[in-house]
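**Student:** One point on numbering: in UniProt numbering, the residue at position 161 of the sequence shown is 161, and numbering is uninterrupted. Backbone N, C-alpha and C fix where the C-beta goes; we use that ideal spot for every residue, glycine too. Structure incoming, see below.
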Amino acid sequence: MPTLFVCLLLAFAGCATAPDRPLPEQPGELTAENVSNYVAASERVHVLNTVPVTPTETTLSCDGSVATQTTDGYVAFADCTGGISLPSGEHADEHSHAAYFVSNRTTTRISSRATEGVAATDADAENASGLQLFNFDDEAHVLTVIVREADTSERVVHLQNELNATSGAVVYGVPTDSTTTYSVTVARDDGVTTTFEWRPAVEDELHAYGRLVAVTPSNELVTGRL
1 MPTLFVCLLL AFAGCATAPD RPLPEQPGEL TAENVSNYVA ASERVHVLNT VPVTPTETTL
61 SCDGSVATQT TDGYVAFADC TGGISLPSGE HADEHSHAAY FVSNRTTTRI SSRATEGVAA
121 TDADAENASG LQLFNFDDEA HVLTVIVREA DTSERVVHLQ NELNATSGAV VYGVPTDSTT
181 TYSVTVARDD GVTTTFEWRP AVEDELHAYG RLVAVTPSNE LVTGRL
């Protein structure tokens, strides 16, 4: 039985509900290490705040990592896995993944629930990679993604994706091979573009979606590696 459903039953049965746990304060100095620790601690609180009763035991393990630094902050990721034991004796396994933008002014979080999957092509590619797109801005943006072979300029993928405010998309099924370098151009609806080289066979050996493109709260268009 899902954790949240069990907890709601407990709450309606008269069990004491747990107050929302406060999120940790942003680090005074933004460094890659401080931001990684901060988003891990923040994600742990977000997970625990989905449980309306006080758990009797938690075995959550949360990790954070920085994907890229921008002119005014960091794009980072946090993952939590583990278990939560409830007063009823029920135990639920939890997994949470979220993207963060952390600056001196604000923290913006995009949960996996706010991230959709987008097929790059209709065909199933034998060797396929992908990209992750994130919009940390408070306005929607349309991103156009064009993937070409760097040597021949042959177009592999051309797609448009509208990202709502604070949302993301995983673009999967980009047909690639192990010997080719690709040129990726991402254009925002206001004409801002960025282009980078992508070698999936090298960069994505452990992660099929190893490159990201993000719109920051200050409206930068940035790229990074996962």
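Count the CB pairs spanning the region 101 to 120 and the region 184 to 195 that are closer than 8 Å, and state whether there are at least three.
**Tutor:** These segments do not touch.
**Student:** Mark Asn-135 as exposed unless 16 or more other C-beta atoms lie within 10 angstroms of its C-beta, in which case mark it buried.
**Tutor:** To locate residue 135, count along the sequence shown from 1; it is residue 135. Classification of Asn-135: buried, given that the 10 Å Cβ count is 16 or more.
**Student:** If you pair each beta-carbon of the region 28 to 45 with each one of the region 53 to 73, do three or more pairs fall below 8 Å?
**Tutor:** Contact between the region 28 to 45 and the region 53 to 73 is present, because at least three Cβ pairs lie under 8 Å.
**Student:** Going straight from the alpha carbon of Glu-154 to that of Val-222, what length do you get?
**Tutor:** Residue numbering aside, residue 154 sits at position 154 when the sequence shown is read from its first letter. Residue numbering aside, residue 222 sits at position 222 when the sequence shown is read from its first letter. If you take the alpha carbons of Glu-154 and Val-222, they lie about 24 Å apart.
**Student:** Once you ignore the five residues that flank Ser-218 on each side, which residues in its own chain have a CB closer than 7 Å to its CB?
**Tutor:** Within the sequence shown, numbered from 1, the residue matching residue 218 stands at position 218. Correct list, in chain order: Asp-72.
**Student:** Taking only three categories from DSSP, how would you classify Pro-217?
**Tutor:** On the sequence shown, residue 217 is found 217 positions in, with the first residue counted as 1. Coil, per DSSP.
**Student:** Leaving out five residues on either side along the sequence, give the residues of the same chain with a beta carbon under 8 Å from the beta carbon of Arg-21.
**Tutor:** The residue labelled residue 21 in the question sits at position 21 within the sequence shown. Hits under 8 Å: Val-45, Leu-48 and Asn-49.
**Student:** Out of Ala-40, Ala-214 and Gln-26, state which residue places its alpha-carbon closest to the alpha-carbon of Asp-79.
**Tutor:** For the purposes of this step, residue 79 is taken as residue 79 along the sequence shown, with counting starting at 1. The shortest C-alpha separation from Asp-79 is found at Ala-40.
**Student:** Which residue wins for smallest C-alpha separation from Ala-120, given the options Gln-132, Leu-159 and Thr-152?
**Tutor:** Mapped onto the sequence shown, residue 120 falls at position 120. Checked all of Gln-132, Leu-159 and Thr-152; the closest Cα to Ala-120 is Leu-159.
**Student:** Just tell me which of Ala-92, Gly-89 and Asn-164 has its CA closest to the CA of Thr-115.
**Tutor:** Walking along the sequence shown from the start, residue 115 turns up at place 115. Thr-115 has its Cα closest to that of Asn-164, out of Ala-92, Gly-89 and Asn-164.
**Student:** For His-141, count neighbouring Cβ atoms within 10 angstroms of its own Cβ and tell me buried if that reaches 16, exposed if not.
**Tutor:** Here residue 141 corresponds to residue number 141 of the sequence shown, with the count starting at 1. So His-141 ends up on the buried side.
**Student:** Sorted by chain position, which residues of the same chain lie with C-beta nearer than 6 Å to Glu-220's C-beta, five sequence neighbours on each side aside?
**Tutor:** Along the sequence shown, read from residue 1 onward, the residue named residue 220 stands at position 220. So the list reads Thr-70, once near-sequence residues are dropped.
**Student:** Report yes if the CB atom of Ser-42 is closer than 8 Å to the CB atom of Leu-23, and no otherwise.
**Tutor:** Indexing the sequence shown from 1 puts residue 42 at position 42. Indexing the sequence shown from 1 puts residue 23 at position 23. Yes. Within cutoff.
**Student:** When we look at the beta-carbon of Ser-96 and count the other beta-carbons within 10 Å, is it buried (16 or more) or exposed?
**Tutor:** To locate residue 96, count along the sequence shown from 1; it is residue 96. Flag for Ser-96 reads buried.
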